[in-house]
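For the protein sequence lines, the chains are A and B, in the order given. With the first letter of the first sequence counted as 1, position 160 gets the number 159 in numbering that gives the first Met the number 0; the numbers rise by one all the way through. With the first letter of the second sequence counted as 1, position 151 gets the number 150 in numbering that gives the first Met the number 0; the numbers rise by one all the way through.
Protein chains: 2
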Amino acid sequence: MYSDTTRAVTHSANQLKPGLDLARQMAQQLSQAIHGGVFGPGQRLPTEVVLGQQYGTSRSVVREALSMLRQSGLIISRRGSGSFVANTPTAELRLKLPHRSFQSVIELLELRRAVEVEAARLAAIRRTPSQLRRIRNAMVDIDEAVENGATGVEQDMAFHHSIAKAANNTYFTASVNFYNQFLQHAITVTRTNEAQRLTFMEQVVAEHQAILNAITAGDAEAAARCVAIHLTQAEKRLREAPADLFDQTEDNPTSAPN
Amino acid sequence: MYSDTTRAVTHSANQLKPGLDLARQMAQQLSQAIHGGVFGPGQRLPTEVVLGQQYGTSRSVVREALSMLRQSGLIISRRGSGSFVANTPTAELRLKLPHRSFQSVIELLELRRAVEVEAARLAAIRRTPSQLRRIRNAMVDIDEAVENGATGVEQDMAFHHSIAKAANNTYFTASVNFYNQFLQHAITVTRTNEAQRLTFMEQVVAEHQAILNAITAGDAEAAARCVAIHLTQAEKRLREAPADLFDQTEDNPTSAPN
DNA sequence: ATTCGTAAGGTTGTCAGGCAACTTTGTTCT
DNA sequence: AGAACAAAGTTGCCTGACAACCTTACGAAT
């Protein structure tokens with residue numbers, strides 16, 4: 000039954016540069032092989048010994064490489080049986096985030112704008128009535144929270160989340176959740192900018208309202224435009240926030256030895 | 000200088016249930032210790048041998064545990080020096096994706112369009128001369144690969160990667176790399192659609208050329224438009240690919256032994 | 001013929017020891 | 001004091017081995 004895997008040829012180039020990071024190289028190649036379809040979902044891949052022979056490394060390296068893929072959720076290993084490609088492969092986007100650096104927040108905002116503008120465009124077209132209701136409710140929640148003296152940041156996140164969900168595309172919601180997790184701090188900074196708090200909140204409410212109207216009307220282009228404006232303004236508001244709430248250190252050679 | 004770590008007592012309970020997943024248990028405990036502040040950012044943790052003694056395991060288990068933490072971005076290991084707690088925490092976006100399902104590929108393409116359109120817009124404005132050269136080279140590489148009978152998928156990925164890089168925003172490059180990892184298979188499917196291979200490639204080349212021209216000219220809106228067209232067309236080409244190259248099954252219990 | 005048990009082989013998890021490459025520290029020489 | 005050198009420490013990688021577990025095949029009993 001396992002014979003088909005044994006005849007699996009050396010699946011192309013398994014050259015490893017002898018220098019360093021042997022395991023990482025191997026993991027990368029294996030990952031590519033899996034994503035490239037060389038090993039289908041559920042399929043058993045060669046044993047650790049065989050992999051070691053194919054790549055010309057010892058079993059230690061193979062094990063560490065497999066360990067990486069395992070932790071990435073790409074494969075599942077079972078003692079006595081073998082390592083199998085996961086049936087629902089997962090991929091991870093790992094971001095290093097000095098999440099107090101001003102520049103990194105700006106860059107993250109740019110990515111957020113890219114994703115949420117498109118999300119809004121799709122949401123305007125695809126939103127179901129109940130999804131539209133959820134968006135509307137989320138907006139009300141923001142007002143409520145602000146009136147109660149809260150920053151409303153959480154509710155703001157929920158608002159954007161509801162829009163992403165209305166796009167009816169799993170990846171958009173996952174991405175938006177991911178980004179916002181880290182923008183939360185930055186936005187909180189903006190909201191606690193007491194000097195301009197009221198005018199800021201007025202702007203935010205108006206911009207949100209415009210987005211909601213566009214999505215309600217089913218006007219995709221308008222929705223996209225409104226979100227773009229909203230996030231551009233958000234960036235502007237962030238730039239006007241007190242700078243000392245961020246770490247200025249772009250790179251910190253002492254704490255980050257190469 | 001390292002004396003403070005050596006005097007580090009057995010930092011609480013390092014009991015491991017002897018049964019299974021020894022490395023995972025150890026990684027969990029170490030992770031807890033780090034998050035709990037036992038090991039501060041930048042601090043060196045005990046050597047692998049010492050850890051093995053403390054936890055009563057062999058160095059193999061220690062190395063696998065550290066490998067996990069390393070891949071989680073929690074620590075950084077340097078040969079000859081030791082393993083150190085990372086100072087910049089990382090976060091991960093993890094997507095489960097039935098990567099052969101047609102619908103999921105379409106959805107992923109939508110997200111890709113969102114990101115890469117904006118990336119192209121930024122690239123048109125921010126690209127340095129050398130980055131522009133890299134994009135141009137990547138395009139040439141595609142032609143070359145195709146002429147040599149290859150699918151050119153890898154080179155295509157490199158092309159889009161170079162554009163993302165020219166946006167000069169870390170998060171864009173990371174995201175594009177992330178998405179493309181999974182679209183590689185799908186695009187390979189399209190490219191191996193022999194029936195329409197030539198006409199497809201002609202289209203692709205023309206679309207790439209248009210993108211390059213817009214970025215070269217520094218025309219942000221045109222660049223965005225061209226990428227949007229390119230990816231919309233890519234989706235169209237994908238839809239015309241033989242359907243039997245995908246798994247229709249949303250979940251496949253036979254190939255997924257629990 | 002089918003079912004069950006058992007033995008054999010294969011595979012991952014863990015252990016043990018060792019060497020090479022590299023880094024850090026300490027010492028000696030100028 | 002500064003530079004060159006020696007020594008010890010640490011991770012990356014290799015080799016070999018055994019235990020726990022799974023899979024398969026074969027034979028015996030029903």
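Glycine included, C-beta positions come from ideal geometry on N, C-alpha and C.
For the segment 2-86 of chain B, the continuous alpha helix (DSSP H) assignments of 4+ residues that do not extend past its boundaries occur at 2-5, 21-34, 47-54 and 58-70, in sequence order. Going by C-alpha positions, A/Ser129 is about 19 angstroms away from A/Ile141. Not flagged as an interface residue toward chain B: A/Thr150, since no C-beta distance is shorter than 8 angstroms. Note on B/Asp20: under 16 other CB atoms within 10 angstroms of its CB, so exposed under the neighbour-count rule.
Its Cα nearest to that of B/Leu182, the residue B/Met156 stands out among B/Ala173, B/Thr56 and B/Met156. Among the residues of chain A, those whose CB is under 8 angstroms from the CB of B/Asn168 are Glu106, Glu109 and Leu110, following chain order. An exposed status is given to A/Leu197, since fewer than 16 other beta-carbon atoms sit within 10 Å of its beta-carbon. The distance from the Cβ of B/Leu121 to that of A/Tyr170 is about 21 angstroms, inconsistent with a contact at the 8 angstroms cut-off. Identification of residues in the segment 119-133 of chain B having a C-beta nearer than 9 angstroms to some C-beta of chain A yields Arg120 and Leu121, given in sequence order. Identification of residues in the segment 31-56 of chain A having a C-beta nearer than 7 angstroms to some C-beta of chain B yields His34, Gly35, Gly36, Pro40 and Gly41, given in sequence order. Within the segment 137-168 of chain A, no beta strand (DSSP E) run of at least 3 residues lies entirely inside it. In this structure, B/Pro40 lies near B/Asn86, with their beta-carbon atoms less than 8 angstroms apart.
Where B/Glu239 is concerned, there is no enclosing alpha helix (DSSP H), because DSSP gives it neither an H nor an E. In the DSSP assignment, B/Thr198 falls within the alpha helix (DSSP H) that extends over Arg196 to Ala216. Nearest to B/Glu47 by alpha-carbon distance, out of B/Gly81, B/Val188, B/Ser30 and B/Gly72, is B/Gly81.
Note on B/Ala165: 16 or more other CB atoms within 10 angstroms of its CB, so buried under the neighbour-count rule. Taking C-alpha positions only, B/Ala113 is separated from B/Gln232 by approximately 14 angstroms. Under the 8 angstroms criterion on CB atoms, A/Arg224 is classed as non-interfacial with respect to chain B. At least one beta carbon of chain A lies nearer than 8 angstroms to the beta carbon of B/Glu117. Closest in alpha carbon position to B/Arg69, among A/Arg23, A/Gln180, A/His160 and A/Ala119, is A/Arg23. Inter-residue distance for B/Leu230 and B/Gly55 is about 55 angstroms (C-alpha atoms, whole angstroms). Counting of Cβ neighbours within 10 angstroms places A/Val139 among the exposed residues, the total staying below 16. Taking the CA atoms as reference points, A/Val84 sits about 19 angstroms from B/Asn179. Under the 8 angstroms criterion on CB atoms, A/Glu91 is classed as interfacial with respect to chain B. Between the beta-carbon of A/Val226 and that of A/Ala119 there is about 4 angstroms, and that keeps the pair under the 8 angstroms contact cut.
Among the residues of chain A, those whose CB is under 8 angstroms from the CB of B/His184 are His34, Gly35 and Gly36, following chain order. Secondary structure at B/Thr189: helix, using DSSP grouped into helix, strand and coil. Take the alpha-carbon of A/Ser174 and the one of B/Leu92: they are about 7 angstroms apart.
Taking every protein chain shown into account, the CB of B/Asn168 has 16 or more other CB atoms within 10 angstroms, so this residue is buried. Of the candidates B/Thr215, B/Glu146, B/Ala64 and B/Ile75, the residue whose Cα lies closest to the Cα of B/Leu131 is B/Thr215. Rounded to the nearest whole angstrom, the CA to CA distance from B/Ile33 to A/Arg78 is 30 angstroms.
Comparing alpha-carbon positions, the option among B/Arg224, B/Gln208, B/Ala26 and B/Ala149 lying closest to B/Gly51 turns out to be B/Ala26. Rounded to the nearest whole angstrom, the C-alpha separation of A/Ser59 and A/Ser66 is 10 angstroms. Annotated three-state conformation of A/Thr231 is helix, per DSSP.
The beta carbon of A/Ser76 sits no closer than 8 angstroms to any beta carbon of chain B.
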